[in-house]
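Visitor:
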Amino acid sequence: MTAGPRRALGVVAAVLVVAATAPHAHAVDQSRGRPGFCTSDTGVTVVVDFQQLGGTTLVRCNPQATSGTGLDALKGAGFQLAGTQRWGEGFVCRIENRPSAVEEIPIEGDTDYRESCVDTPPASGYWSYWHAANGCAWEYSQWGLKNRAFIQGGFEGWSFSLNATADTNPAPRIAAVRPGTEGQPCGGSSDEGRPSSTNPNEQQGDVRPNPAEQNSAQRQQPPPGGTAAPDTPGPATASGADPAALPPPKPRPSAGTPAPAPDPDHNVAFAGGENAPDVNEVLRQQSGASRYAPWAAAGLVVLLVVAALLTARRRGRARDS
Amino acid sequence: MRATYFLPRDLHPAAWWLWALGLAVAASRTTNPWLLLTIIAVAGYVVAARRGAAPWALAFRMYLYLAGCIVCLRVFFRLVFGGAEGTTILLRLPEIPLPAWAAGIRLFGAVSAESLLGGLYDGLRLAAVVVCLGAANALANPKRLLKAMPPALYEMGTAVVVALSVFPQLAESVLRVRRARKLRGGANHRRLRALHAIVIPVLEDALDRSLRLAASMDSRGYGRAALVRPRQRVATGVLMVLGLIGVCVGGYATLDGSTPRLLAGPVLVLGVVVGLLGFHLAGRRVQRTRYRPDRWRPPEVVVVLSGVGVAVTLFATSTVDPTNLNPSLLTLSWPALSWPPLVGVLLGVLPAWLSPPPAPPHAGAGHDAEEVSA
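Those sequence lines, one after another, are chains A and B. If you count the first sequence from 1, position 198 lands on 194 in the working numbering, and the numbers rise without skipping. Basically the working numbering = 1-based index in the second sequence + 131.
1) Please list, in chain order, all residues of the same chain as Ile101(A) whose beta carbon is under 6 Å from its beta carbon, the five residues on each side excluded.
2) Does DSSP classify Val333(B) as helix, strand or coil?
3) Please classify Glu111(A): is it buried, with 16 or more other beta-carbons within 10 angstroms of its beta-carbon, or exposed?
4) In the DSSP output, which residue or residues are listed as bridge partners for Thr177(A)?
5) Which residue's Cα is closest to the Cα of Ser27(A): Pro181(A), Arg56(A) and Ala97(A)?
6) Just to confirm my understanding: we take Arg140(B), look at its own chain, exclude 5 residues before and 5 after, and list those with CB closer than 7 Å. What are they?
7) I need the straight-line Cα distance from Pro230(B) to Leu468(B), nearest angstrom please.
8) Rounded to whole angstroms, how far is the Cβ of Pro31(A) from the Cβ of Gly284(A), which I believe are closer than 8 Å?
9) Return the chain-ordered list of same chain residues with a C-beta closer than 6 Å to the C-beta of Glu383(A), the five sequence neighbours on each side being excluded.
10) Are three or more beta carbon pairs between the stretch 155 to 167 of chain A and the stretch 38 to 53 of chain A nearer than 8 Å?
11) Is the CB-CB distance between Phe151(A) and Ala133(A) below 8 Å?
12) Please classify Tyr146(A) as buried or exposed, where buried requires at least 16 other C-beta atoms within 10 Å of its C-beta.
13) Below 8 Å, can you find three or more Cβ-Cβ pairs linking the stretch 401 to 412 of chain B to the stretch 364 to 380 of chain B?
14) Does Arg313(A) have its Cβ less than 8 Å from a Cβ in chain B?
15) With distances taken Cα to Cα, identify the nearest neighbour of Val297(B) among Gly479(B), Arg351(B), Met193(B) and Val474(B).
16) May I have the straight-line CA-CA distance separating Arg364(B) from Pro430(B), to the nearest angstrom?
17) Taking C-alpha atoms, which residue in Val43(A), Ala314(A), Ser36(A) and Gly66(A) lies nearest to Leu141(A)?
18) I think Pro290(A) touches Trp465(B), with their Cβ atoms under 8 Å apart; what is that distance to the nearest whole Å?
19) Return the CA-CA distance between Ala184(B) and Val178(B), expressed in angstroms with no decimal places.
20) If you reduce the DSSP assignment to three classes, tell me which class Gly316(B) lands in.
21) In the stretch 169 to 192 of chain B, which residues sit with their C-beta less than 8 Å from some C-beta in chain A, listed in chain order?
22) Taking the C-alpha atoms as reference points, what is the distance between Phe212(B) and Glu245(B)?
23) Which of the residues in the stretch 26 to 42 of chain A, read from start to end, lie with their CB under 7 Å from any CB of chain B?
24) Mind listing which residues of the stretch 295 to 308 of chain A have their C-beta closer than 7 Å to chain B's C-betas, in chain order?
25) Of all the CB atoms in chain A, is at least one closer than 8 Å to the CB of Ser437(B)?
26) Along chain A, which residues have their Cβ under 7 Å away from the Cβ of Leu301(B)?
27) Locate the beta strand (DSSP E) running through Phe137(B), then write down its first and last residues.
28) Around the C-beta of Leu342(B), are 16 or more other C-beta atoms found within 10 angstroms, so that it is buried, or is it exposed?
Here is the structure:
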């Protein structure tokens, strides 16, 4: 009774202290990326279209000049995302806290579904992943966001797919055309943007092919019901094996040459997310969390442990005497 | 009324089990470390306040050690098998290259705070469940639990009670052998020999004890086969096993929010119906009477209500604000907490004051002491 809880508390306290001293991430992170389209060939423009969820479409630019994954593009543009508990960031289930845990999504067969971000989201309500080179039509990504390199000067798109099939998935409603380049032909190949770097020592910001990761990553069609996802060892799927020893992922046949982008005049209204509320603040409001409740919990835990130790000692003495 | 309510006595063991299962169900619903730590502290305090002096009651600290091991192992595995999920890299260990067939597995490498915390939360949840079961084992007398079983469950109940009491008895054996070694002054040996000197007596003790238990059960008429036709016995057996499987699957599906709902309600109800049918058939052929059966009095009801209350509050709050019960690890911050689940978990501490204290050893519980020594 004496040493056990103390030791456990020590471990917990140590890790929590480590966590608390780490830097905090914020909502549309204004320190990363810029609002609006990218203005030059460097960097990638990220479009997040909430579709039926409602809310203004967001367009931000990640001015990263080096190559990176779709995940880097999304994060570097300042978007706030959440992965599922099961797959981690390999499967995005919320962008900018949408669909939030308290939001009811009318998916087929379950009209008041709420995304809890525990397992793979259902095929009838998930974030679909798109990409396009500048001036080209959006293409549905055949690879997960950790497995493709974004196109420099191109576009990355996220569009919420509600009750759609593989053929009717809605593309982002912003044409993939940078302002000032209208009328130019579809430039560059918008092929699958194969992973480029082969340096295994780079931890963040490089792209490493990893067949195991493709399994867990977002693909064209999430497994129906979210139960048939292949069995990869949970969080250990992060890449790490020597990429030189692995065959690079084979690009799937795409529909020939990419189509040109639609007329940007038909774009929906968009914003750069400058006025987006802080996600952590929204989360706190949605959950009804109290600033004082964690302190109360910590105090109660200490109180109960001390009381338990005192009681145990008193009764131990009474037993011995 | 007041005086009889708080008269020292041992509560009905099923009441403590239901209370502890309520806490365990609550713990399985959340990965919020605040709630999990509160659940562990609540269980620990109630055990400290209301356990008796019996050997199984003293084994509670072993469950705490086990829980600590679980948490440490979970965190350690995140360290070994790659914990680079997330952006806050805490330390970069040299990564061990693996052959191509082991793709997807990673040894060491960068370790992020997010993945360590993920391991910690996950481990804490399992640890809290283990501590709750330890609390039930410490507070409830397993032998009287067996007595309280419905007649139809005798065969199964005997096996379950024997299995449940193995761990506390082993723990008690270890404590006793260590005490004896200390008294003999043999504590200065090398560690390996000390282990040797503890393990063998403990194993011998376990063997002796099971033989004694078998003999005492035999002499009390356990394992008596009444005059039943084999076909009927097979039928009741099949019904009971099917029912129990149904209850297990249905219970799991009800508790785990991510399994298909078809497996939850319907299978649970079907399992209960089939199981009850089996109970009824099996109970008809068992004619047993109980010696001084445990009674179900107000304190038992209070204890059960407090445990069920904890579980119900966490179920209710998980539909109202799911955000707090599974804190997100992608923005690294202190896990948030709202009042309702915290207050709900605190309901579980009420038995520390609202239940009668345990009967002092060798006082009014004559048949108890006799059973302990048997």
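Yeah, the Cβ is synthetic: ideal placement off N, Cα and C, and Gly gets one too. Since this is a predicted model, take the numbers as computed values, not measurements.
Guide: Looking at the atomic coordinates:
1) Pro95, Tyr109 and Gly121
2) helix
3) buried
4) Thr177(A) is not bridged to any residue.
5) Arg56(A)
6) Pro487 and Ala490
7) 44 Å
8) Going by Cβ atoms, the distance from Pro31(A) to Gly284(A) rounds to 31 Å, so no, they are not a contact pair.
9) Absent from the model: residue 383(A). The displayed extent of chain A is -3 to 317, so no value can be given.
10) yes
11) no
12) The sequence given here places Phe at residue 146(A); Tyr does not occur at that position. Flag for Phe146(A) reads buried.
13) yes
14) no
15) Met193(B)
16) 38 Å
17) Gly66(A)
18) 6 Å
19) 11 Å
20) coil
21) Thr169, Ile171, Ala172, Val173, Gly175, Tyr176, Val178, Ala179, Ala180, Ala184, Phe191 and Arg192
22) 14 Å
23) none
24) Leu296, Val297, Leu300, Val301, Ala303, Ala304, Thr307 and Ala308
25) no
26) Result: empty, since nearest Cβ-Cβ is about 17 Å, beyond 7 Å.
27) It is not in any beta strand (DSSP E) - Phe137(B) carries neither H nor E in the DSSP assignment.
28) exposed
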